[in-house]
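A short worksheet on the structure shown next.
In the working numbering, the protein residues as written are 1004 to 1085.
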(Lines of atoms letter the chains of each structure in order from A and count residues from 1; the text may use other names and numbers.)
(Lines give C-alpha, C1' and ligand atoms only; values in the text may rest on other atoms or scores of the structure.)
Protein backbone atom coordinates (compact mmCIF):
# COMPACT_ATOMS: atom_id res chain seq x y z
CA UNK A 1 0.00 0.00 0.00
CA UNK A 2 2.84 2.39 0.79
CA UNK A 3 4.17 1.97 -2.75
CA UNK A 4 0.82 3.08 -4.22
CA UNK A 5 0.78 6.14 -1.96
CA UNK A 6 4.31 7.07 -3.02
CA UNK A 7 3.58 6.87 -6.73
CA UNK A 8 0.36 8.85 -6.29
CA UNK A 9 2.19 11.67 -4.52
CA UNK A 10 4.90 11.74 -7.17
CA UNK A 11 2.32 11.85 -9.98
CA UNK A 12 0.43 14.66 -8.22
CA UNK A 13 3.71 16.58 -7.88
CA UNK A 14 4.43 16.06 -11.60
CA UNK A 15 0.96 17.21 -12.64
CA UNK A 16 1.03 20.33 -10.44
CA UNK A 17 4.54 21.63 -9.79
CA UNK A 18 6.09 19.78 -12.72
CA UNK A 19 3.74 21.33 -15.28
CA UNK A 20 2.87 24.70 -13.70
CA UNK A 21 2.13 27.22 -15.13
CA UNK A 22 -0.07 25.35 -17.58
CA UNK A 23 -0.72 28.08 -20.17
CA UNK A 24 0.47 28.89 -22.80
CA UNK A 25 2.68 25.80 -22.34
CA UNK A 26 4.06 23.89 -19.35
CA UNK A 27 7.03 25.79 -17.95
CA UNK A 28 9.32 22.76 -17.91
CA UNK A 29 8.95 22.34 -21.69
CA UNK A 30 10.24 25.86 -22.30
CA UNK A 31 13.17 25.24 -19.96
CA UNK A 32 13.98 21.91 -21.64
CA UNK A 33 13.97 23.60 -25.06
CA UNK A 34 16.23 26.31 -23.70
CA UNK A 35 18.71 23.77 -22.29
CA UNK A 36 18.55 21.66 -25.48
CA UNK A 37 19.31 24.80 -27.48
CA UNK A 38 22.54 25.37 -25.58
CA UNK A 39 21.20 27.27 -22.54
CA UNK A 40 22.57 30.57 -23.87
CA UNK A 41 21.49 33.43 -21.66
CA UNK A 42 20.29 31.28 -18.77
CA UNK A 43 20.87 32.90 -15.41
CA UNK A 44 21.14 31.25 -12.00
CA UNK A 45 17.45 31.85 -11.32
CA UNK A 46 16.58 30.08 -14.59
CA UNK A 47 18.62 27.04 -13.53
CA UNK A 48 16.88 27.05 -10.14
CA UNK A 49 13.53 27.25 -11.89
CA UNK A 50 14.55 24.36 -14.14
CA UNK A 51 15.48 22.25 -11.09
CA UNK A 52 12.28 23.17 -9.24
CA UNK A 53 9.99 22.18 -12.12
CA UNK A 54 12.13 19.21 -13.17
CA UNK A 55 12.57 17.55 -9.77
CA UNK A 56 9.15 15.83 -9.69
CA UNK A 57 9.84 14.34 -13.12
CA UNK A 58 13.26 13.17 -11.96
CA UNK A 59 11.62 11.49 -8.95
CA UNK A 60 9.07 9.79 -11.21
CA UNK A 61 11.76 8.43 -13.54
CA UNK A 62 13.88 7.15 -10.64
CA UNK A 63 10.85 5.54 -8.97
CA UNK A 64 9.76 3.81 -12.20
CA UNK A 65 13.29 2.56 -12.92
CA UNK A 66 13.49 1.20 -9.38
CA UNK A 67 10.16 -0.61 -9.85
CA UNK A 68 11.34 -2.16 -13.13
CA UNK A 69 14.66 -3.21 -11.58
CA UNK A 70 12.88 -4.85 -8.63
CA UNK A 71 10.51 -6.71 -10.98
CA UNK A 72 13.45 -8.00 -13.02
CA UNK A 73 15.24 -9.09 -9.84
CA UNK A 74 12.13 -10.89 -8.55
CA UNK A 75 11.58 -12.65 -11.89
CA UNK A 76 15.19 -13.82 -12.09
CA UNK A 77 14.96 -15.15 -8.52
CA UNK A 78 11.82 -17.14 -9.39
CA UNK A 79 13.50 -18.61 -12.49
CA UNK A 80 16.61 -19.62 -10.49
CA UNK A 81 14.49 -21.31 -7.80
CA UNK A 82 12.62 -23.43 -10.35
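Backbone N, C-alpha and C fix where the C-beta goes; we use that ideal spot for every residue, glycine too.
Let's test the definition: count the other Cβ atoms within 10 Å of the Cβ of residue 1044 and tell me whether it reaches 16, buried, or not, exposed.
exposed
Would the segment 1051 to 1059 count as touching the segment 1032 to 1039 if we require 3 or more Cβ pairs under 8 Å?
yes
Taking Cβ positions, are residue 1059 and residue 1016 nearer each other than 8 Å?
yes
Count the other CB atoms, across all protein chains shown, that sit within 10 Å of the CB of residue 1064; report buried if there are 16 or more and exposed otherwise.
exposed
Beta-carbon spacing of residue 1009, residue 1066 below 8 Å:
yes
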